[in-house]
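Position 234 of the sequence shown, counting from 1, maps to 228 under the working numbering, and the rest follow consecutively. In what follows, a structure is listed as structure tokens, so that the remarks can point back to it.
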Amino acid sequence: MSAGPDHAALARIALGHITRVYPHSGPQWLNRAADWQPPEQAHPLFCGSYDWHSCVHSHWLLVRVLNCAPELPEAAAIRQRLEQITDDAVTAEIATFERQGASFERPYGWAWLLMLQAELLRSSEPLARRAAVTLQPLAALLAERLQDYLPRLPYPIRSGQHNNTAFALLLCLEYARTAQDQQLERLLRERSLAWFANDSDCPAWGEPSGEDFLSPTLQQAVLMQQVMGGSAFATWLDAFLPELAAQQPATLFRPVNVSERSDGKLAHLDGLNLSRAWCWFRLSATRPALLAVAKAHLTAALGHLEDDYMGSHWLATFALLAQQAASEHA
């Protein structure tokens, strides 16, 4: 397995696009023409990186790098970016969320904003700690929306794209634990168990779909690893993927091919290799034989982080997730 880009290289990728406003893709709910706002006005904090959620999770990447390697030359630019998290900017972001309605960026963008807040909260950097205080009203709004939404969601969304429920729950769980939000953590645990604890014989042969960047099967497995833990999770995993030791269904264990990286949807598949690697590394904590599978997926994608802007505006985040898991479990 290639070592791939280091923290500094990943930070440089993110710094290169978090303030790049165009091209831009982002929905706006309009009741009249006057409601439309340019990205810089609607999202003064997170208007770059092609879309809102990619800009948010690219900021997570930067704060994570700063926390892990504060001595890097790129740390100065990251600190400068943290200084842009101001009360006025957060107020404008909240106003956009209130104007766009309850489903705006639900749940993917919500989860990444909470993940960013968790990284700020755990930081020892003074600028990051100050940014956490400033960003808290937006984090509180999205945590409140999450607590309203989850009890109303009748079934989990098992897609391989942004609306995947297990992925959102996994990220939000990290925020709840970091912020010591016991009410939110109880809800996340309750919903996770209600939706996924009784699943067995997962038909993972249906993966991947052609525009996936998440594996519904693996996201669910890693979520349950976090919620259950220990022998309870081992028993659950044996029932959920009964042929795991034989690496069946085979399609779940083979890295996927990417046919066109200039197509934003088809470029998702590079992200699928990275997010699968992240999950396989985590699952290897209890199934060491999965390390080789994780490494193969990571190697398949690391050389393509900057092939085209349709991937480069977001793939580095998932590369960092996978590399973190590799360092923890390899």
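All residues carry an ideal CB built from backbone N, CA and C; glycine is no exception.
Asked, Found
"CB of Ala295 within 9 Å of CB of Asp257, strictly", "no"
"CB contact flag (His53, Ala8, <9 Å)", "yes"
"Three CB pairs or more closer than 8 Å across the region 129 to 148 and the region 205 to 222", "no"
"Under the three-state DSSP convention, the category Cys196 falls into", "coil"
"Sub-9 Å separation of Gln111 and Gln130 beta-carbons", "yes"
"For Thr128, three-class secondary structure by DSSP", "helix"
"Leu147 (DSSP reduced to helix, strand or coil)", "coil"
"Contact check, Leu299 vs Leu55, beta carbons under 9 Å", "no"
"Beta-carbon spacing of Gln219, Ala160 below 9 Å", "no"
"Ala288 beta carbon less than 9 Å from that of Trp274", "yes"
"Own chain partners of Arg255 with C-beta closer than 8 Å, once the 5 adjacent residues on each side are dropped", "Ala261, Asp264, His298, Asp301, Asp302, Met304 and Gly305"
"Straight-line gap, Ala191 to Trp230 (C-alpha atoms, nearest Å)", "7 Å"
"Test item: CB-CB of Val216 and Leu277 under 9 Å", "yes"
"Proximal residues to Ala63 (C-beta, below 8 Å), its chain only, five neighbours per side dropped", "His1, Ala2 and Ala69"
"Nearest-angstrom Cα separation, counted from Glu34 out to Pro17", "12 Å"
"Cβ pair Leu326, Ala188 closer than 9 Å", "Nothing can be reported for residue 326, as the shown portion of the chain is limited to -5 through 324."
"Cα-Cα separation, Ala286 to Ala244", "14 Å"
"Proximity test, Cys49 beta-carbon vs the ligand ADP heavy atom, cut-off 8 Å", "The model depicted lacks the ligand ADP and carries no ligand whatsoever."
"Per-residue burial, Pro202 [other beta carbons within 10 Å of its own, 16 or more giving buried]", "buried"
"Where Asp29 falls, given that 16 or more other Cβ within 10 Å makes a residue buried", "exposed"
"Distance CB(Ala5)-CB(Ile72) smaller than 9 Å", "yes"
"Residue burial classification, Arg180 (beta-carbon count within 10 angstroms, cutoff 16)", "exposed"
"Reduced DSSP category for Lys289 - H, G, I as helix; E, B as strand; rest coil", "helix"
"Residue burial classification, Thr13 (beta-carbon count within 10 angstroms, cutoff 16)", "exposed"
"Inter-residue spacing [alpha-carbon to alpha-carbon] between Leu309 and Cys196", "27 Å"
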